[in-house]
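Protein chains in written order, with the working numbering: chain A, 9 to 172; chain B, 1101 to 1427; chain C, 498 to 599.
Think of the CB as a built atom: it goes at the ideal place given N, C-alpha and C, for glycine as much as any other residue.
Predicted, not measured: the structure shown is a model, and the values here were computed from it.
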C-alpha cells in the first residue's frame, strides 16, 4: 500500500461519509456543517491530483464562503428550528432507485472505456501556468465569467432586499 | 521520504506548533496585553503571582481547567462541541506557511507551499464557520446575534485583506512566502506598498475581532457575543484561537511587509523575526487601548465603501507599475 | 496504484449522493446543498482528466476554476431566491409552495 493509496482511500471515506450526512440528516444545520469536511476531502483529492491552486481556491470559496452563506440563510429562515418534522418527501424509494441506476451507468461507462493519455507534462508551478492560460487561450471564458459574477452579485442583492 | 516518516514529521510539527502557539501566543500574549494596557492606563497590572506577575496566565489557566463544564439545556450538543474544535484549528493552521528564520539548511518553515499566501487566506476564512456554529449551538439569542454579526464582519474584511495579499504577491512574482521574503532583501515592501500595509493591518484587526472592531464580543454590548455560553476549558480554547490568530496575522504582516527575517548580521535571523513580530503586536495592543469602538453599520460601511475601493485602486496602480514601468 | 478509474468512480458516487439529495429533500436549502455536491463531483472529474489524459494543457484546471466561480454565483442567487420566498410565502419547504398566486 503506497502512501498515495492510503491518502486516497482516507479522503474518499471522509468525503463520502460527510456526503451521506449532508444528504440524510433530519437536522438541516447538521447537514450544512457536514458540508465542511466534504469540501475539505475534495480539497485533499485535488492536492493528490497536483492541482494546488484549485485546492486553495476550493477551500477559500467553498468551505469559507458558500458554507457561510448557506448557514446564514438557514439561520435567517425557519428551517433551522425543525418545526416541520419530515425532511424527506414522498419520492424516497424512486429517488434511491434512480440514483442507483445513474451510479451504475456512470461507473460502467468509466471502467469500460480505454483512456489513452496524450503527450505532455503537467506544469510544476500551477498558479503561474493557470494565470498564463487565463490571459492567453482562455481569455474569453475569463471575461465572460467576470461578467456573470457581476450580474449575479447585483441580481442577488436586488432579489433579497426588503421591499419598503 | 516514505509516507510514515512524513506522517511522523507532520504529527511532530503539529505538536510543536500547538505548544509553541499555546505558550507564546496565548499565555505570553494575554500577560503582555494586561501589562501593556496597565502601562498605557498608568496603573500597575498583575504583580502578585510570580516575579512581577509573570506567572499570572498559568494561574488563570489552572483556574479555567478546574471550572465546571456547563452545557445549556436545549443546546445542540454536537454543534456546540465541534465549534470549539474548528476555531483554534483554523487559527493554528495559519502557522504552516510562515517562515520563522533562515538556517544553514534552508528556511525555517513547516512546509513551503507554492500557494502559501492563498493557503493563509483560505484558513483564515475557515474560522467563520466555527463562529457561526458556536453562535447557533448555544441556544441563546445574544450568542446567535453575536455570531451572525461577527461572521458578517469577518467575511466583509476578508476581501480587502485578500486584495492586499494579491498586491504583494504581484510585486514578488510568486505566492510562496519564502520567495516573498527573499524578494525583500534590498527593500522592504512596507516602503514600496504603504497603503497595502495599512489595509492589511486594519483588515487583520477586524478579522480577529479586536478593538476598534470588537462590537461582537464587548461586555457592554452582547454579554460576550458568540462564546457567552462556553465555560472552563472551552473558553480557554476560544481565547487560544483568538490570540493565536492575532499572532499569525502579525507574523504574516512581518513576512509580507517588514522583510521577514532580514536584518543586520549581528543577531540570528530568528531573533530578528521575533523582534519585528513583538513590535507589531505592541502596535496592535496600543491601538486597542487608544480608539473607541465602531458601531456595526459603521464597521461594515468602512469595509465595503472605503477599504475595498482603496485596495482595488492600489492593485491597479501596482499592476501598472509592474507591467509597464519595471517589466 | 491509483489510476484514473478510481477518481471517476469516486466522483460518480459523490454525484449520485447529490442527485439523491435533490430528488428527495423537501427543504430548499438542502436541495442547493445537493447541487453543490454535484458540482464538486464534476470538478473532480475535470481535474482528474487533466492530470491523467491531457497533462499538456491546463484546460481541466482552468475549467474547474470557472465551474467553482459559477457555482458560487448560482448558490448566491439561489439562496437569495429562498430568502425572498420565505419573506413572501412564510415557508421554504418546496412541496408547500404549490399556489401560483398567494
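#1: Please compile the residues from chain F whose C-beta is within a distance smaller than 7 Å of the C-beta of residue 561(C).
#2: May I ask you to verify whether the segment 1305-1318 of chain B touches the segment 1345-1357 of chain B, counting CB pairs closer than 8 Å and requiring at least 3?
#3: What are the residues of the segment 11-22 of chain A that lie near chain C, defined by any Cβ-Cβ distance shorter than 7 Å?
#4: Please check the pair residue 1233(B) and residue 41(A), which I expect to be a contact at CB under 8 Å, by giving their CB distance rounded to whole angstroms.
#5: Please name the residues in the segment 115-144 of chain A whose beta-carbon is closer than 7 Å to at least one beta-carbon of chain B, in chain order.
#6: Exposed or buried, which one is residue 1205(B) when buried takes at least 16 other CB atoms within 10 Å?
#7: Okay, do the segment 1263-1279 of chain B and the segment 1411-1420 of chain B touch, 3+ Cβ pairs below 8 Å being the bar?
#8: Mind pulling the chain A residues with CB within less than 8 Å of residue 595(C)?
#9: What are the boundary residues of the alpha helix (DSSP H) that residue 1345(B) is part of?
#10: For chain C, is any of its Cβ atoms less than 8 Å away from the one on residue 29(A)?
#11: DSSP three-state label for residue 1141(B), please.
#12: Is it a yes or a no for the segment 549-558 of chain C touching the segment 133-146 of chain A, going by three-plus beta-carbon pairs under 8 Å?
#13: For a cutoff of 8 Å on Cβ pairs, would you count residue 1385(B) as touching chain A?
#14: Can you tell me which of 1182(B), 1194(B), 1416(B) puts its alpha carbon nearest to the alpha carbon of residue 1121(B)?
#15: From residue 30(A) to residue 44(A), what does the alpha carbon distance come to, in whole angstroms?
#16: Counting only the same chain and skipping the five closest in sequence on each side, list residues whose C-beta sits under 8 Å from that of residue 1174(B).
#17: Provide the residue span of the alpha helix (DSSP H) that contains residue 132(A), from first to last.
#18: With H, G and I counted as helix, E and B as strand and the rest as coil, what does DSSP make of residue 125(A)?
#19: Considering only the alpha carbon of each residue, which of 78(A), 128(A), 20(A) lies closest to residue 39(A)?
#20: Quick one: is residue 1192(B) buried, meaning 16 or more other Cβ sit within 10 Å of its Cβ, or exposed?
#21: Anything in chain A within Cβ reach of residue 565(C), meaning under 8 Å, just list it in chain order.
#22: Do we get a CB-CB distance below 8 Å when we pair residue 158(A) with the residues of chain B?
#23: Since residue 73(A) meets chain B, which of its residues come closer than 9 Å, beta carbon to beta carbon?
#24: How far does the alpha helix (DSSP H) with residue 96(A) in it extend, from its first residue to its last?
#25: Could you name each continuous alpha helix (DSSP H) segment of 4 residues or more that falls completely within the segment 1238-1292 of chain B, going from the start of the chain to the end?
#26: So for residue 1195(B), helix, strand or coil by DSSP?
#27: Does the Cβ of residue 1380(B) have 16 or more other Cβ atoms within 10 Å, making it buried, or fewer, making it exposed?
#28: Does the CB of residue 44(A) have a neighbour CB from chain C at under 8 Å?
On the basis of the data shown:
#1: As a matter of chain content, chain F is missing from the structure shown, whose protein chains are A, B and C.
#2: yes
#3: 12, 13, 16, 20
#4: 6 Å
#5: 133, 135
#6: exposed
#7: yes
#8: Residues of chain A passing the Cβ test: none, with the nearest at roughly 12 Å.
#9: 1333-1357
#10: no
#11: coil
#12: yes
#13: no
#14: 1194(B)
#15: 10 Å
#16: 1239
#17: From DSSP, residue 132(A) is part of no alpha helix (DSSP H); its letter is neither H nor E.
#18: coil
#19: 78(A)
#20: buried
#21: 62, 65, 66, 69, 70
#22: no
#23: 1225, 1228, 1255, 1258
#24: Element bounds for residue 96(A): n/a, residue is neither H nor E.
#25: 1241-1272, 1277-1282, 1289-1292
#26: helix
#27: buried
#28: no
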